[in-house]
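Engineer: The numbering of the sequence shown is this note's numbering, which starts it at 28 and goes up by one. For each residue, glycine too, the CB sits at the ideal point set by N, CA and C.
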Amino acid sequence: MDAVKNKNITIIGVPLHYGADRKGVDLGPDAIRGANLHERLQALGYSLEDLGDLNVRRSLQPPAPGEKLKYLGEIARVNQDLCETVSAEMGKGRFPLVLGGDHSIAIGTIKGVLQRVKRLGVIWFDAHSDVNTHLTTGSGNIHGMSLAAALGYGHPDLISIGGAGLKLQPENVVIIGARSIDPGEREFLKAKGIKVFTMHDIDRYGMKQVMEDAMDIVSNGTDGVHLSLDLDGMDPWDAPGVGTPVSGGMSYRESHFAMELLFERNLLVSAEFVEVNPMLDRHNKTAVAAVELIGSAFGERIL
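1) What beta strand (DSSP E) runs, 3 residues minimum, are completely inside the region 98-148?
2) Excluding sequence positions up to five away, which residues of its chain have a Cβ less than 6 Å from the Cβ of H283?
3) From this set, G251, L64, V252 and V113, which residue's C-alpha is nearest E316's C-alpha?
4) Apply the 10 Å Cβ neighbour rule to S74 and answer buried if 16 or more other Cβ atoms are within range, or exposed otherwise.
5) CA-CA distance, E327 and Q88?
6) State the beta-bridge partners of M277 as determined by DSSP.
7) Can you tell me which of E302, K312 and F325 puts its alpha carbon nearest to the alpha carbon of R49?
8) Report the partner residues of K39 according to the DSSP bridge assignment.
9) Taking a contact to mean a Cβ-Cβ separation below 8 Å, would you say G276 touches M286 in this structure?
10) Starting from S8, follow the alpha helix (DSSP H) in both directions and report where the run begins and ends.
11) Using the three-state DSSP reduction, which class does F284 fall into: helix, strand or coil?
12) On a Cα-Cα basis, can you pick out the residue from I202, L216 and A205 that is closest to Y180?
13) To the nearest angstrom, how far is it from the Cα of P272 to the Cα of W264?
14) Rounded to whole angstroms, what is the Cα-Cα separation between S187 and I329?
15) Please report the straight-line C-alpha distance between G93 and D257, rounded to a whole angstrom.
16) Select from I137, V237 and P197 the residue whose C-alpha is nearest the C-alpha of G189.
17) For N199, is the classification buried or exposed, using 16 other Cβ atoms within 10 angstroms of its Cβ as the cut-off for buried?
18) Name the DSSP beta bridge partners of S255, please?
19) Taking the alpha carbon of K222 as the point to measure from, which residue in A154, N168 and D240 has its own alpha carbon closest?
20) From A47, R104 and L71, pick the residue whose C-alpha is nearest to that of K97; which is it?
21) Below 8 Å between beta carbons: does that hold for I134 and Y45?
22) Decide if the region 67-83 is in contact with the region 158-168; the criterion is three or more beta carbon pairs, one per stretch, under 8 Å apart.
23) Are L109 and G40 touching if we call contact CB-CB under 8 Å?
24) Assign N247 to one of two classes, buried (16 or more other C-beta atoms within 10 Å of its C-beta) or exposed (fewer than that).
25) With DSSP as the reference, label G190 as helix, strand or coil.
Encoded structure:
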């Protein structure tokens, strides 16, 4: 069965690195495209429109030492642009496939989807939970605050993107692959009741059980599911070109199996793949992995 209902995909690049405050991840969209993304999806029968990259201002004053919301203005502006772009493409009946850039772009993607999908489930593949706010962050990097903002917590300039009333519900969100969670994030996740499958859970129960449980959660009472995949969810051996690598992540095969199961369940209405940093990569290995995971999520199989 063709599990992704929408055969019309719009590719949107967001070359934003300010959320990570580390150069190189802004080259991610082109690296992913250069790993034969278009050819792979077209071979699967999808009709593609590539909007190119959103505009990101390149010359900004560096943040002050200890600043808790680095580059807030530009990140909020780019995410608002992304929100409007995603919403407009979904309004045309198209599936938005967003290429990052750092994970702060999830705010704009999710807010744009929420303008079209009343109740949205989210599967968040990541080594980190990204639920810090300016009150708990140790770095001031907004890519570590994106899920919190999408849930309606954090600085007003972030939670107001696309409309302050648009937000995820904690019971509709699942994090998979987490293995680096800050103390403030741990408290937040427990207080909000967000389901987190850590690497311990994947080791104990296996990816099949974790994915089946996760998909049951995010599809319960929702109108569609968004996939937000940070390449650092994978083990650095398989995805070395990321800005915040954490040892002991999901293997190449586990990651593909998860994408294959997602395709089979016919859940996705949107997706983003983020944090590919070619400056830290080896022979474009991480960008190639991203394209291969995209292929699996959209129905590519061995036979």
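Structural biologist: To lay it out plainly:
1) Secondary structure remark: continuous beta strand (DSSP E) runs of at least 3 residues inside the region 98-148, in chain order: 122-127.
2) Taking the first residue of the sequence shown as 1, we reach residue 283 at position 256. The residues are S323.
3) As a first step, residue 316 is located in the sequence shown; it is residue number 289 there, counting from the start. For the record, residue 316 in the displayed sequence is Ala; it is not Glu. Minimum Cα-Cα distance from A316 among the listed residues G251, L64, V252 and V113 corresponds to L64.
4) Numbered from 1 along the sequence shown, position 47 holds the residue referred to as residue 74. Counting the other CB atoms within 10 Å of its CB gives S74 a total below 16, which places it among the exposed residues.
5) Position 300 of the sequence shown, counting from 1, holds the residue named residue 327. Position 61 of the sequence shown, counting from 1, holds the residue named residue 88. A direct Cα-Cα distance of roughly 44 Å separates E327 from Q88.
6) Sequence index remark: in the sequence shown, residue 277 carries index 250 (1-based). Looking at the DSSP assignment, M277 forms a beta bridge with M261.
7) Position 22 of the sequence shown, counted from the first residue, corresponds to residue 49. Distances from the alpha-carbon of R49 to those of E302, K312 and F325 put E302 closest.
8) Walking along the sequence shown from the start, residue 39 turns up at place 12. At residue 39 the sequence reads Ile, which differs from the Lys that was named. In the DSSP output, where bridge partners are listed per residue, I39 has V125.
9) Taking the first residue of the sequence shown as position 1, residue 276 is located at position 249. Taking the first residue of the sequence shown as position 1, residue 286 is located at position 259. For G276 and M286, no; Cβs fall outside 8 Å.
10) What is shown of the chain runs 28 to 330, which leaves residue 8 out entirely.
11) Translated into the one-based positions of the sequence shown, residue 284 becomes position 257. Helix, per DSSP.
12) For the purposes of this step, residue 180 is taken as residue 153 along the sequence shown, with counting starting at 1. For the residues I202, L216 and A205, the minimum Cα distance to Y180 belongs to L216.
13) Here residue 272 refers to the residue found at position 245 when the sequence shown is read from its first residue. Here residue 264 refers to the residue found at position 237 when the sequence shown is read from its first residue. Going by C-alpha positions, P272 is about 10 Å away from W264.
14) Reading the sequence shown from its first residue, position 160 is the one you call residue 187. Reading the sequence shown from its first residue, position 302 is the one you call residue 329. One Cα belongs to S187, the other to I329, and the distance between them is close to 43 Å.
15) Looking up residue 93 in the sequence shown gives position 66. Looking up residue 257 in the sequence shown gives position 230. Whole-angstrom Cα-Cα distance: 26 Å.
16) Counted from its first residue, the sequence shown places residue 189 at position 162. Of I137, V237 and P197, the residue nearest in Cα terms is I137.
17) Here residue 199 corresponds to residue number 172 of the sequence shown, with the count starting at 1. Burial of N199 is indicated by the presence of at least 16 other C-beta atoms within 10 angstroms of its C-beta.
18) Counting from 1 along the sequence shown, the entry for residue 255 is found at position 228. W151 and E299, per the DSSP bridge assignment.
19) As a first step, residue 222 is located in the sequence shown; it is residue number 195 there, counting from the start. Closest in C-alpha terms to K222, from the list A154, N168 and D240, comes D240.
20) Translated into positions along the sequence shown, residue 97 becomes position 70. When only C-alpha atoms are compared, the closest one is A47.
21) As a working note, residue 134 is residue 107 in the sequence shown. As a working note, residue 45 is residue 18 in the sequence shown. Taking 8 Å as the Cβ cut-off, I134 and Y45 do not qualify as a contacting pair.
22) A contact is defined here as three or more CB-CB pairs under 8 Å, and the region 67-83 fails this definition with respect to the region 158-168.
23) In the sequence shown, the residue the question calls residue 109 occupies position 82. In the sequence shown, the residue the question calls residue 40 occupies position 13. No, Cβ-Cβ distance for L109 and G40 is not below 8 Å.
24) The residue given as residue 247 occupies position 220 in the sequence shown. A residue is called buried once 16 or more other Cβ atoms fall within 10 Å of its Cβ, and N247, having fewer, is exposed.
25) Locating residue 190 in the sequence shown gives position 163, counting from the first residue. Three-state DSSP puts G190 in coil, outside helix and strand.
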